[in-house]
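Student:
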Amino acid sequence: MTLTPDPVQQPVQSIDSDALDRLETFLYLTPVIGVLPSIWAIYRRQRDKRQLAVCRLSIFLAFAWLSTYLSLNIGADLSGASTLGFRLLFLNTLATSGYFTTSLWLMVLLWQKKSLRLPGFSALAERTIGSERNYPSRLK
1 MTLTPDPVQQ PVQSIDSDAL DRLETFLYLT PVIGVLPSIW AIYRRQRDKR QLAVCRLSIF
61 LAFAWLSTYL SLNIGADLSG ASTLGFRLLF LNTLATSGYF TTSLWLMVLL WQKKSLRLPG
121 FSALAERTIG SERNYPSRLK
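Note that the numbering used here gives residue 21 to position 21 of the sequence shown, counting from 1, and the numbers run on in steps of one.
1) Examine chain C for any beta-carbon lying closer than 9 Å to the beta-carbon of T128, and answer yes or no.
2) State the CB to CB distance for the pair L99 and S58, rounded to an integer number of angstroms; the pair is presumed to be in contact (CB under 8 Å).
3) Is P31 helix, strand or coil when you go by DSSP?
4) Say yes only if the C-beta of D21 is nearer than 8 Å to one or more non-hydrogen atoms of the ligand SAM, and no if none qualify.
5) Quick check: the segment 94-108 against the segment 68-80, are at least 3 beta-carbon pairs closer than 8 Å?
6) Name the two residues that bound the continuous alpha helix (DSSP H) containing R127.
7) Where does D16 land, buried or exposed, given buried means 16+ other C-beta within 10 angstroms?
8) In its own chain, which residues sit with a C-beta less than 8 Å from the C-beta of E126, not counting the 5 before and 5 after it?
9) Can the beta-carbon of L124 be found less than 9 Å from the beta-carbon of L116?
10) In chain order, what residues of the same chain lie with their CB nearer than 8 Å to the CB of Q51, ignoring the 5 residues before and after it?
11) Is K49 helix, strand or coil by DSSP?
12) Can you list, in chain order, the residues of its chain whose CB lies under 7 Å from that of A64, leaving out five sequence neighbours each side?
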């Protein structure tokens, strides 16, 4: 007796797979925390091109925010208790709010099943972090 797959179960499995992929992409877009799974996904290269592009964008946004955050914070510390220090700390809060808002906005776009490309940033992330065509495939 051979078992044939139930045709009703086939679409459910594909929906589950799509939902799991979207959940992983939500994890990649989580501010600060999503960088680690993104780096791991880029290292392993076992995701589709769309997810790898989102991982690159997530890593690029996080490192851009971190470098901005650290440089503005160091500048504020070095300037002392002047108005320049206050202005740098204010810019620091704007950069942090912008990073978290951008990540949240990308999550909303993912939820709406729209494109997750940011003009300028996505192309820059592709060039700085690299794409699949820049690396030879690994031999297993």
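Even glycine gets a Cβ: it sits at the ideal position worked out from N, Cα and C.
Tutor: A quick look at the data gives this:
1) Chain labels in this structure do not include chain C; a single protein chain is all it has.
2) If you number the sequence shown from 1, residue 99 lands on position 99. If you number the sequence shown from 1, residue 58 lands on position 58. Note that residue 99 is Tyr in the sequence shown here, rather than Leu. Actually they do not touch by this definition, with Cβ atoms about 11 Å apart.
3) Here the question's residue 31 lines up with position 31 in the sequence shown. Three-state DSSP puts P31 in coil, outside helix and strand.
4) As far as ligands go, the structure on display features none, and thus does not contain the ligand SAM.
5) yes
6) Locating residue 127 in the sequence shown gives position 127, where the first residue counts as 1. From DSSP, the alpha helix (DSSP H) with R127 extends over F121 to I129.
7) Stepping through the sequence shown from its first residue, residue 16 is reached at position 16. Under this definition D16 is an exposed residue.
8) Taking the sequence shown and counting its residues from 1, one reaches residue 126 at position 126. The beta carbon of E126 sits closer than 8 Å to the beta carbons of A53 and R56 from its chain, once the five residues preceding and following it are set aside; these are given in chain order.
9) Within the sequence shown, residue 124 is the residue found at index 124, counting from 1. Within the sequence shown, residue 116 is the residue found at index 116, counting from 1. Taking 9 Å as the Cβ cut-off, L124 and L116 do not qualify as a contacting pair.
10) Along the sequence shown, one-based indexing puts residue 51 at 51. Counting only Cβ-Cβ distances below 8 Å, and skipping sequence neighbours, we find D21, E24, T25, Y28 and A41.
11) Position 49 of the sequence shown, counted from the start, is the residue given in the question as residue 49. In the three-state reduction of the DSSP assignment, K49 falls in the helix class, which pools H, G and I.
12) The count along the sequence shown starts at 1 and reaches residue 64 at position 64. Once the five neighbours on either side are set aside, A64 has no close Cβ partner at all.
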